[in-house]
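Residue numbers (the numbering used here): 409 to 829.
Here it is in structure tokens:
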């Protein structure tokens, strides 16, 4: 059995949580492969809204095994808050969630380092979420990280060494050593809660489940354009958000990857700093933000909005080996008479359809204008019900992207989804 992958193709916030929730009834296992609690996956059903930060989005399916893989960075405090909220809503989370021994732990001092390092950048801020993600991955690649397997047995020596090293660094950055007693006590208490879960050698478990014929969905966080190697560097996250990250984050061999589901919005958004060629600074951008409720699920920050960027999407499809596309928030554009799509860039006077080394400056989007459908899509549940103008938009995108669009979302609820045969 091969593992399917589901990931975002833009700058994150594409709606991955809803799609995983829609797809999970067909899977035995959902495994999160990278990122941390800086990524909020929003799910809405039965009149309720849930935001998952570290826990896989298959958690609401009683018979689905959920795994937090070794490529994830893990904050015990935020995890406990998230898990207890799910328990309160009736989810038997300890029964269906497993956590890798190899997750790297976000320590209380990582958050402080995140804030201090961002402040030290001055006008060159990246726009992090402040959750300590970057410093945790920094410790990981510099071989100084603390993994869950290091502390789950009660030996805190590696934690204490990392904590003391961080405090010395913080004193250098801020001029004074921080008092972390309260935050540390809360972190250690949360670690006791984490120890109640099934903590596993996840790479063995994942491959064992595949060998048993279990259907597995690998869930990514953030989006392709935030990949640390292939995104809009340096305004990126600290992990590999592409399909290759599923292999490294879960210990799955490339030959065992099956379908790759690529999720994108019918327009573009971005949170924080960084280049955004199709960003709209006018009333249209504000309208999209308001209609799409474009505010961060974790941070609450306004998302920057713009027209869909097909240059970046083609690039993301190539990097990930996408086999099926999923279009989200189609209904947000219901009221527009015309919709624009960036089909090429003009760079230094020359037109290109290839994504360049840098999009920091000098990029002029080349737009194609498509007639809008001016019809509410929210109550439609079959592709045949959709207006002809919308179907024409779908065909245009499929031709430009050379990949089929197999799922279309027309609203936030799991029921507001059209699956094409």
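Beta carbons are placed, not taken as given, at the ideal position from N, Cα and C, and that holds for glycine. These numbers were taken from a predicted model, which means no experiment stands behind them.
Check	Outcome
Pick out the complete beta strand (DSSP E) segments inside the segment 447 to 475, 3 residues or longer, and give them in chain order.	449 to 453, 456 to 460
Compute the distance between the beta-carbons of residue 544 and residue 481, then report whether it is under 8 Å.	yes
Out of 670, 691, 438, which has the shortest C-alpha to C-alpha gap to residue 720?	670
Count the CB pairs spanning the segment 760 to 767 and the segment 731 to 739 that are closer than 8 Å, and state whether there are at least three.	no
By Cβ distance below 6 Å, which residues in the same chain neighbour residue 429 in space, the five residues on each side in sequence not counted?	451, 465, 822
Could you tell me whether any non-hydrogen atom of the ligand MN is closer than 7 Å to the CB of residue 669?	No copy of the ligand MN occurs in the structure displayed, which carries no ligand at all.
Since residue 502 and residue 608 are thought to touch, with beta carbons under 8 Å apart, how far apart are those beta carbons, to the nearest angstrom?	In fact, because the Cβ distance is near 13 Å, the residues do not count as touching under 8 Å.
In this structure, how does DSSP classify residue 554 when only helix, strand and coil are distinguished?	coil
Opposite residue 438 in the DSSP bridges: which residues?	474, 625
Do the segment 653 to 670 and the segment 488 to 505 meet, that is, are 3 or more Cβ pairs less than 8 Å apart?	no
What three-state label does DSSP hand residue 752 in the structure shown?	strand
For residue 518, which residues does DSSP report across the bridge?	According to DSSP, residue 518 bridges with nothing at all.
Assuming residue 423 and residue 737 are in contact, meaning their beta carbons sit under 8 Å apart, how far apart are those beta carbons, in whole angstroms?	7 Å
In whole angstroms, what separates the C-alpha of residue 631 from that of residue 425?	13 Å
Using beta-carbon positions only, say whether residue 834 and residue 439 come within less than 8 Å of one another.	In the structure displayed, the chain extends from 409 to 829; residue 834 sits before or after that span and is not available.
Residues in its own chain within less than 6 Å of residue 655 by CB, not counting five upstream and five downstream?	662
Counting only the same chain and skipping the five closest in sequence on each side, list residues whose C-beta sits under 6 Å from that of residue 611.	659
Who are the near neighbours of residue 653 in its chain, counting only those whose CB is closer than 7 Å to its CB and skipping five residues on each side?	441, 442, 479, 628, 647
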